Structure formats: structure tokens, C-alpha cells
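Enquirer: Before we start, here is the structure in question, set down as C-alpha cells.
There are 2 protein chains.
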Amino acid sequence: MNRTMTDPFLPPQRLLLGPGPSPVAPEVLAALALPTIGHLDPAFIRLMDELKSMLQTVFDTTNDATFTVAGPGSVGMDACVLNLVEPGDKILVARNGVFGMRMTEVASRGGAQVVPVDVEWGKPVDPAAVDAALAADKDIKFVAFVHSETSTGVLSPAKEICAVAARHGAMVIMDAVTSLGGVPVHIDEWGVDAVYSGTQKCLSCPPGLSPVSFSPRAVEHIKNRKTKVLSWFLDVTQVMAYWTGAGARAYHHTAPINSLYGFHEALRRLLNEGLEASFARHRAAHLRLVDGMAKLGISFLVDEAYRLPQLNTVRIPEGINDAQVRSSLLHDYNIEIGAGLGPLAGKVWRIGLMGEGARSEHVDRLLRDLGLAIAAQRQMAPA
Amino acid sequence: MNRTMTDPFLPPQRLLLGPGPSPVAPEVLAALALPTIGHLDPAFIRLMDELKSMLQTVFDTTNDATFTVAGPGSVGMDACVLNLVEPGDKILVARNGVFGMRMTEVASRGGAQVVPVDVEWGKPVDPAAVDAALAADKDIKFVAFVHSETSTGVLSPAKEICAVAARHGAMVIMDAVTSLGGVPVHIDEWGVDAVYSGTQKCLSCPPGLSPVSFSPRAVEHIKNRKTKVLSWFLDVTQVMAYWTGAGARAYHHTAPINSLYGFHEALRRLLNEGLEASFARHRAAHLRLVDGMAKLGISFLVDEAYRLPQLNTVRIPEGINDAQVRSSLLHDYNIEIGAGLGPLAGKVWRIGLMGEGARSEHVDRLLRDLGLAIAAQRQMAPA
């Protein structure tokens with residue numbers, strides 16, 4: 009009794025080329041295993057300060073309210089939306105994939121009135137459509153959009169969308185989950201008021217943390233809310249007392265110590281490489297994939313002009329069984345790629361070249377093994 | 009530009025005898041560093057199934073809705089309260105410390121009407137007082153209480169409180185953050201409808217995850233809510249599609265893969281030791297501490313009858329500077345103990361003997377070094 013026969017868990021060694029998590033460097037894995045210390049230990053406070061400073065560099069912001077929410081990207085979405093929006097507020101949500109839809113869900117659960125601006129999946133958000141919607145309804149206080157749609161592989165024009173919002177006096181909430189580290193992100197220059205990301209994409213850290221940043225205007229707005237933030241855990245005014253300030257830090261929650269060790273190391277690696285170098289590496293890996301896919305006769309869903317280098321949606325060739333190829337890649341070749349979501353299910357594969365995944369050797373291995381998996385399937389069921 | 013001078017973070021090696029996090033076994037740390045795989049990988053689904061089964065054993069429940077929330081204990085509190093309670097609902101919250109107070113805050117942000125039953129800090133919740141409050145107000149739907157108050161070191165009579173709630177037809181929400189693995193917890197036998205815990209106490213895993221369990225009655229109640237759960241991320245009906253069921257798991261959020269490797273290993277270790285053996289080990293370490301503290305002339309805040317073995321609040325001796333002793337323990341001896349909270353600040357120390365911390369060698373080291381730190385301070389400022 010009270011005994012279990014469960015063996016230690018030994019994961020297989022996968023090459024992670026799906027929509028996340030991405031491959032994690034051995035140095036980051038090693039950092040996770042460093043001895044746990046307390047969340048109020050002066051040594052840990054130093055780590056938090058360094059982490060915050062690195063995050064500010066990665067977000068390209070001087071926002072004091074820059075920190076890491078102790079939950080995955082979905083919690084970051086909750087944190088940004090539920091801190092800014094009060095019941096009854098009108099929020100415009102631009103939707104061109106799964107995560108725009110999810111923002112609608114999050115905002116309406118928070119009591120907001122959502123004004124959707126829908127775009128065909130596979131296309132970017134159109135700043136003119138946002139402009140028109142804001143012009144048509146002067147009560148809209150917030151504009152929310154996804155910078156890099158992980159479900160489709162589309163990059164939306166953040167700078168232009170933010171400029172439109174600014175012209176109408178609306179605050180901006182941006183999803184940068186798949187952006188950060190893979191394509192340029194400039195929070196201050198663009199004028200983003202609240203942004204969230206995830207660690208498990210181009211930052212090449214295990215999932216479970218959500219870096220966020222709030223502009224001084226957003227913090228002021230939150231301080232002046234008429235109603236309390238619906239979640240005590242996510243209330244930025246409370247979390248700030250733990251994450252920022254020169255004096256003693258107030259206990260809010262017990263921080264995920266070891267996960268933050270890993271994230272510190274992942275950010276350190278990224279900044280030592282340099283952001284521009286990281287963007288260039290993602291771009292080079294993407295171009296190599298484009299080249300190789302053309303040779304396999306596989307086309308891309310998204311137009312070149314707004315294609316994400318780190319998340320590639322490619323059309324499944326005619327007559328090829330989606331699930332069988334993905335299963336063969338996983339079980340025969342230890343490579344993970346992603347399935348299509350929503351209207352794209354069964355039509356596309358999602359190939360992530362994110363963080364440590366964005367390297368030529370990984371692209372070459374995928375191209376070779378995908379070619380083999382497809383050929384094997386064609387042989388078994390000849391046309 | 010884009011370069012940082014931040015060095016790799018190397019934490020000191022602390023003996024964690026505060027209110028959490030507790031010491032983590034090398035095997036658990038090693039598990040954190042295993043290679044990351046995808047959150048929909050069949051191998052990872054197997055890990056989730058094993059983890060769920062182990063959690064059911066630890067909670068002593070057959071609840072199908074038993075899983076791990078991807079955030080620290082505070083998120084578990086949000087998950088339990090915000091899933092069960094709808095705006096306008098009346099909830100009785102028994103408060104005898106910080107975490108009862110926090111439940112009030114969480115419930116009222118969720119729109120509930122809180123009926124508090126206050127108890128002096130350092131005393132257990134009185135089932136008769138709960139009974140009287142329920143008798144006085146037939147509209148109360150929920151009873152919430154903290155089984156093991158981490159702020160005071162008090163164990164409340166869970167079985168009796170649950171029996172009172174059952175008599176009045178109220179559902180029970182229980183905080184088992186500091187209980188699980190350290191003292192007996194019997195979710196089904198007691199009739200708890202929603203329970204949350206944390207990994208960083210008697211389960212000896214790094215912080216960042218919150219194991220939870222919901223009774224079939226609670227799940228039914230959640231399914232029949234008139235309003236949606238305020239947080240999309242925490243909505244149990246959504247999370248269940250990822251954590252349970254025999255068929256394909258629906259993507260909800262990206263699970264914190266490596267943290268769950270660590271938790272799997274921590275649960276495995278606990279169940280291999282056996283729950284009863286773990287409780288006995290906590291009890292033995294506590295008695296050794298009681299004995300040693302008596303020799304140092306230091307008394308306990310909490311009466312023996314409801315003292316938690318894993319969280320010991322001891323009175324700071326007359327004339328001794330709280331902060332100086334804790335600082336000396338941390339910096340000179342690498343031992344972390346906790347400060348008092350709220351009305352107990354400056355009056356008590358909180359000594360956690362949780363999980364791997366509950367071992368005689370750690371108790372002996374603390375007693376020796378605490379004695380030295382106190383003696384050093386007395387020498388510097390003689391009476």
C-alpha cells in the first residue's frame with residue numbers, strides 16, 4: 009500500500025520542430041538542475057533583477073513593469089487582458105488565427121465587450137480595417153492583436169497597427185509569444201502598452217513562464233481601475249511589489265525558482281549571441297527550408313511578404329496522410345512537427361524553426377526525413 | 009549593443025528550513041534537466057497519466073479531475089475558488105492566518121459574498137463556529153478553509169469541518185498547500201470538493217506547480233454554471249480535455265514539461281518511501297526540533313494538540329534581533345528560516361521541516377547554528 013510501481017520517466021530525445029516547445033540548449037537544461045534557493049533569498053533577488061534587465065533588452069523597452077508571470081503564455085494573455093480591461097470596456101480584437109480567437113474568449117470572460125476584426129486565416133491583420141473599426145466606434149479603449157500567429161505562420165504589421173491605435177487614443181495589447189527572439193520586437197518604439205510572450209518558442213527555454221511588460225501608461229491605468237483585477241495572482245500592482253523596487257521585496261507568491269534559473273540562462277545565451285544575429289539565424293534557417301521544400305514539391309500557405317521565419321505552414325501534398333507522416337516522423341525519426349489547427353487541420357503542417365531549432369543541420373535533417381516519410385507512404389499506397 | 013555582461017547564475021547551496029521552498033533531492037533536480045519533449049507527445053501523455061495516478065494516491069482520492077495546474081499554489085487557489093464560485097454566491101471562509109485572508113480576497117474578486125469566520129492567529133478553525141455560521145445563513149453554498157496554515161503552523165480539524173459542511177449541504181474548498189505529504193490528507197473520506205496544494209512544501213519539488221483535485225460533484229457543479237469561469241486558462245472543463253480521457257488529448261495550453269518531469273520524480277520518491285513513512289519522518293523531525301528548542305530555551309507559539317510537524321512557529325527569545333539572526337543563519341551558515349507574517353512579524357520564526365528537510369541531520373545542524381547565531385548576538389550586545 010502507498011507504493012507505486014512507476015519507473016523513473018526517461019523521455020525520448022526528440023528534435024522539436026513543431027509550434028513549440030523548441031529545442032533547449034544543454035546549458036539551459038543544466039541551469040534548471042541547480043540547487044533550489046528561497047524566493048526571498050538576496051541571491052535570488054539578484055537573479056530577478058538581472059532577468060528583468062535582460063527582458064527589457066529583448067522587449068526593447070525601458071518599462072519598469074517588465075517581469076515573468078509564473079505560468080505559460082496563456083497566463084500571460086490572462087495577465088495582460090484582465091489587468092487592463094474592466095467589465096463593460098470595449099476592446100477591439102483582430103483575429104487571424106487561434107490566438108486572436110482565444111483573446112476574444114479571455115476578454116469576454118473578463119466582462120469586456122469585444123469588437124472583432126476578422127481576417128482570413130493565413131493573412132495578416134490589416135491596419136486599415138482596424139482604423140475603420142476604431143473610427144466607427146469611439147468607445148473602443150483597447151486594440152489587441154497577435155504579432156506572430158502560431159496557428160498560421162503569419163507576421164502582422166505591429167508598428168502600423170500600433171500607430172492606428174495611437175491615432176484613436178486606444179491602448180495596445182500585443183501577443184508576442186512566437187515573436188520574441190525570432191523577429192524584431194520594439195515595445196517602446198511601437199507604443200505597445202501590454203505585451204506577453206512565452207519561453208518555449210524562439211527563447212528556447214522549457215514552457216511554463218510568460219515574460220510580460222506594461223508601459224507606464226498601462227500601470228497608471230491599472231492603478232486607477234474602478235474594479236479590482238479579477239485574479240489576485242495576476243494583479244500587476246501586487247506582482248510589482250515582488251519584482252521591482254530597490255528596497256525589500258514583498259512576498260506575493262512563491263516564484264518558480266528553478267524554471268527562472270533556466271530562463272536566465274536562455275536569455276543570457278540569446279543576448280550573448282545578439283538579437284540581430286538571432287533574427288538573421290532564424291531567417292537563414294527559414295530560407296534553407298523554403299529552398300528544400302521547393303525541391304520536395306511542397307508549397308507554403310503564407311505569402312512571402314508576411315511569412316514568419318520561425319513558424320512555417322506548408323501545404324500537405326495531395327494524397328498524403330497527415331497523421332501518418334507526422335507519426336512516422338515522430339516514431340521513426342524522432343522529429344516533432346505540428347498539425348494544422350481549426351480550418352487548417354489536415355491541410356497544413358506547422359514547422360517551427362525556433363530558437364535552437366533554427367539551425368541548418370536541423371533543417372537538413374527534417375528535409376531528408378520528411379522526404380523519406382513521404383516516399384515510404386507513397387510506396388505503400390501507390391497512386 | 010544587444011550584448012549583456014550578465015554571468016551565469018550560480019546559486020549558493022542553502023539548507024531550506026523556511027516555509028518553502030523545501031530542499032529538493034538530487035534525483036528531482038536531475039529530472040528537471042531531462043531533454044524537453046512536446047506537450048502532445050505520446051511519451052508525455054504517459055507521464056501525465058502516471059502523474060495523475062500518483063497524485064490520486066497522495067490525495068487519497070479516486071477523483072478523475074485530479075491534475076496539476078501550471079502555476080504556483082496561488083494559482084491553485086484561484087483555480088479552486090474561481091471554478092466553483094459564481095458572482096453573488098455566498099462562501100464561508102474560515103480565517104486563522106495569511107492564507108485564509110488570501111482566500112477571502114480571491115473569492116471576493118470572483119464576485120462572491122464572503123462570510124468570514126475569524127479565529128485568532130495561532131489557533132485552529134473551530135468546527136462549532138463554522139456550524140453556527142452555516143446555521144445562521146442558509147444561503148452559504150461553500151465552506152473554504154486552510155488545512156495547514158503556513159503562516160502560523162496550525163493544523164485545523166479537516167474531517168470535522170467537512171462533516172459540518174456536509175450537514176448543511178455546503179461544498180468544501182480546502183487549501184492543502186503545506187499539508188500534502190507531511191500530514192494525512194483524505195479527500196474522498198472527508199468529502200472535500202476542491203483541493204489545491206503546492207509542490208514546494210512536503211512534496212520537495214521546486215515551486216511552480218499546483219496539484220488540484222475536484223470531486224465529481226464539483227465537476228458537475230462547474231459544468232452547470234450559469235456564468236463562464238472568469239479565467240479561460242483555469243477553466244476546469246477546458247483543462248480536463250487535456251489532462252484526462254482515453255482518446256486524443258485536446259490542446260489547451262503548453263504544459264510546463266520539465267517542471268512536470270521533476271514533479272513526477274518527486275511523487276515517485278514519496279510513494280516509494282510510502283505516505284505513512286513520510287508522515288512518521290516529519291513527526292520524528294518535529295519532535296527532535298521540539299526537544300532541541302527546549303534546550304535553547306525557545307518556546308512554541310502553537311499548542312501541542314494542533315501543532316503542524318512540518319511548519320514550526322517558535323517565539324523569538326527576548327532581546328534577540330529577528331532580522332539579524334535570520335541574516336546570520338543565511339549568510340554565515342547557509343540556512344534559510346522564515347520570518348513571521350502579519351501580527352506575528354518580529355515575534356516568531358517559522359521553521360519548515362518539509363519533505364527532504366524533515367531529517368534529523370538537518371534539525372541538528374539548525375539547532376547548532378541557531379544556538380551559535382543567538383550566542384554571537386548576545387555577546388555583541390550583552391544585557
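One line per chain: the protein sequences are A and B, in this order. Residue 230 in my numbering sits at position 222 of the first sequence; the count goes up by one each step and never skips. Residue 69 in my numbering sits at position 61 of the second sequence; the count goes up by one each step and never skips. Cβ coordinates follow ideal geometry from the N, Cα and C atoms, glycine included. Small disclaimer: the values here were computed from a predicted structure and weren't measured.
Any idea what DSSP makes of residue 27 (chain A), helix, strand or coil?
Expert: Residue 27 (chain A): coil per DSSP, three-state reduction.
Enquirer: DSSP three-state label for residue 251 (chain B), please.
Expert: Correct three-state label for residue 251 (chain B): helix.
Enquirer: Out of curiosity, what's the CA-to-CA distance linking residue 98 (chain A) and residue 267 (chain A)?
Expert: Distance between the alpha carbons of residue 98 (chain A) and residue 267 (chain A): 36 Å.
Enquirer: Name the residue from A:269, A:332, A:204 whose alpha carbon lies nearest to the alpha carbon of residue 45 (chain A).
Expert: Of the listed residues, the one whose Cα sits closest to residue 45 (chain A) is A:269.
Enquirer: Quick check: the region 368 to 384 of chain A against the region 18 to 34 of chain B, are there 3 or more CB pairs under 8 Å?
Expert: No, the region 368 to 384 of chain A is not in contact with the region 18 to 34 of chain B.
Enquirer: Please list the partners that residue 241 (chain A) has in chain B, where partner means a Cβ-to-Cβ separation under 9 Å.
Expert: Those are 79, 80, 82, 83, 85, 86, 114, listed as they occur along chain B.
Enquirer: Can you tell me whether residue 196 (chain A) is helix, strand or coil according to DSSP?
Expert: Reduced to three states, the DSSP call for residue 196 (chain A) is helix.
Enquirer: The alpha helix (DSSP H) that contains residue 37 (chain A), what's its start and end?
Expert: Unbroken alpha helix (DSSP H) run through residue 37 (chain A): 34 to 40.
Enquirer: Using the three-state DSSP reduction, which class does residue 333 (chain A) fall into: helix, strand or coil?
Expert: Here residue 333 (chain A) sits in helix by DSSP.
Enquirer: Are the CB atoms of residue 133 (chain A) and residue 164 (chain A) within a distance shorter than 8 Å?
Expert: Their beta carbons are under 8 Å apart, which means residue 164 (chain A) touches residue 133 (chain A) by this criterion.
Enquirer: Answer with buried or exposed for residue 376 (chain A), where buried requires no fewer than 16 other C-beta atoms within 10 angstroms of its C-beta.
Expert: Residue 376 (chain A) should be labelled exposed.
Enquirer: Could you give the residue range of the alpha helix (DSSP H) that holds residue 179 (chain A)?
Expert: Segment 179 to 183 is the beta strand (DSSP E) holding residue 179 (chain A); no alpha helix (DSSP H) there.
Enquirer: If we call anything under 8 Å between Cβ atoms a contact, is residue 318 (chain B) one with residue 385 (chain B)?
Expert: For residue 318 (chain B) and residue 385 (chain B), no; Cβs fall outside 8 Å.
Enquirer: Quick check: the region 255 to 263 of chain B against the region 273 to 286 of chain B, are there 3 or more CB pairs under 8 Å?
Expert: At 8 Å Cβ cutoff, the stretches do not touch.
Enquirer: Pull up the DSSP beta-bridge partners for residue 222 (chain B), would you.
Expert: Answer is B:73, B:202, bridged to residue 222 (chain B).
Enquirer: Out of A:118, A:70, A:102, which has the shortest C-alpha to C-alpha gap to residue 93 (chain A)?
Expert: Comparing Cα-Cα distances from residue 93 (chain A) to each of A:118, A:70, A:102, the minimum goes to A:118.
Enquirer: By the 10 Å Cβ neighbour count, where 16 or more other Cβ atoms means buried, how is residue 339 (chain B) classified, buried or exposed?
Expert: Flag for residue 339 (chain B) reads exposed.
Enquirer: Are residue 204 (chain A) and residue 84 (chain A) close, meaning C-beta to C-beta below 8 Å?
Expert: Contact: yes.
Enquirer: Return the residue from the list A:244, A:359, A:281, A:324 that minimises the CA-CA distance to residue 315 (chain A).
Expert: Of A:244, A:359, A:281, A:324, the residue nearest in Cα terms is A:359.
Enquirer: Confirm, please, whether the CB-CB distance from residue 24 (chain A) to residue 344 (chain A) is below 8 Å.
Expert: It is a contact, given that the beta carbons lie within the stated cut-off.
Enquirer: 8 Å is my cut-off, CB to CB: does residue 214 (chain A) come that close to chain B?
Expert: Cβ-Cβ to chain B under 8 Å: yes for residue 214 (chain A).
Enquirer: Can you tell which of B:283, B:100, B:71 has the C-alpha that lies nearest to the C-alpha of residue 180 (chain B)?
Expert: Measuring from the Cα of residue 180 (chain B), the nearest candidate turns out to be B:100.
Enquirer: Which residues mark the beginning and the end of the beta strand (DSSP E) in which residue 359 (chain B) is found?
Expert: Note, residue 359 (chain B): beta strand (DSSP E), 356 to 360.
Enquirer: According to DSSP, simplified to helix, strand and coil, what is residue 151 (chain A)?
Expert: Strand.
Enquirer: Exposed or buried, what is residue 228 (chain A) when buried is set at 16 or more other beta-carbons lying within 10 Å of its beta-carbon?
Expert: Its Cβ having fewer than 16 others within 10 Å, residue 228 (chain A) is exposed.
Enquirer: Please list, in chain order, all residues of the same chain as residue 9 (chain A) whose beta carbon is under 7 Å from its beta carbon, the five residues on each side excluded.
Expert: Note that residue 9 (chain A) scores 42 on pLDDT, short of 50, meaning its location in the model is unreliable; the coordinates nonetheless yield the value given after this. Around residue 9 (chain A): no qualifying Cβ.
Enquirer: In whole angstroms, what separates the C-alpha of residue 290 (chain B) from that of residue 187 (chain A)?
Expert: So the alpha carbons of these two residues sit roughly 47 Å apart.
Enquirer: Check whether the region 64 to 73 of chain A and the region 193 to 207 of chain A touch, using three or more Cβ-Cβ pairs below 8 Å as the test.
Expert: The region 64 to 73 of chain A is in contact with the region 193 to 207 of chain A.
Enquirer: Between which residues of its own chain and residue 305 (chain A) is the CB-CB distance below 8 Å, once the five residues before and five after are set aside?
Expert: These residues qualify, in order along the chain: 325.
Enquirer: With 8 Å as the threshold, decide whether the Cβ of residue 374 (chain B) is near any Cβ in chain A.
Expert: No, because no Cβ of chain A sits closer than 8 Å to the Cβ of residue 374 (chain B).
Enquirer: Go to residue 174 (chain A), then tell me how far its alpha helix (DSSP H) extends in each direction, as first and last residue.
Expert: Element bounds for residue 174 (chain A): 166 to 175.
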